[in-house]
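Each residue of the sequence shown is one higher than the last, beginning at 1 in this note's numbering.
Built from N, CA and C at the ideal position, the CB exists for glycine as well.
Being a predicted model, the structure only gives us computed values, none of them experimental.
Structure, as structure tokens:
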Amino acid sequence: MANLLKYALGVPPLERVSSAQLSQGLTADGRLYIRFHRDPAKTDITYLVEASTDLIDWSDLRFDSSTEPFEPNSDGELHEVSIEIDGEPKRFLRLRVMGD
1 MANLLKYALG VPPLERVSSA QLSQGLTADG RLYIRFHRDP AKTDITYLVE
51 ASTDLIDWSD LRFDSSTEPF EPNSDGELHE VSIEIDGEPK RFLRLRVMGD
């Protein structure tokens with residue numbers, strides 16, 4: 001995993017990323033989600049969550065930390081983005097981190 005992503009998730013460079021920093025799955029009501037550690041003090045990076053139906057076109061932007069205010073979840077610094085998957089044969093989410 002790239003060091004920039006590890007930095008964004010709060011993981012030291014030589015350690016592995018755990019589900020405590022990044023996870024994905026289905027909610028109880030059938031929504032696809034991605035949860036990730038987001039540190040609001042790291043203003044030198046931008047967190048993006050993108051969606052795709054084919055793993056090629058990632059133009060469906062679902063979250064951009066540069067335009068959306070930080071609102072912590074009840075479980076701390078984890079941030080969750082979820083999407084409906086009804087009617088879609090395949091849906092994917094990915095976290096992309098960009099340095100400013």
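Check, Outcome
"Of the residues Tyr7, Arg31, Arg16, Arg35, which one's Cα is nearest the Cα of Gly87?", "Arg31"
"On the criterion of 16 or more Cβ atoms from any shown chain inside 10 Å, does Ser66 qualify as buried, or is it exposed?", "exposed"
"Specify the secondary structure class of Ala28 as computed by DSSP and reduced to three states.", "coil"
"Can you check DSSP and say which residues form a bridge with Leu48?", "Asp64, Arg96"
"Taking the alpha carbon of Leu68 as the reference point, which residue from Ser52, Leu78, Trp58, Tyr47 has its own alpha carbon closest?", "Residue identity check: residue 68 is Glu in the sequence provided, not Leu. For Glu68, the nearest C-alpha among the options comes from Tyr47."
"Check for me: the beta strand (DSSP E) holding Leu78 runs from which residue to which?", "78-83"
"Once DSSP output is grouped into helix, strand and coil, what is the label at Leu55?", "coil"
"Return the bridge partner residues of Pro33 from the DSSP annotation.", "Here residue 33 turns out to be Tyr, not Pro, going by the sequence shown. Gly25, Ser82."
"Here's the rule: buried if 16 or more other CB atoms are within 10 angstroms of the residue's CB, otherwise exposed. What is Leu61?", "exposed"
"Ignore the nearest five residues each way along the sequence and tell me which others in Thr53's own chain have a CB closer than 7 Å to its CB.", "Glu88, Lys90, Arg91"
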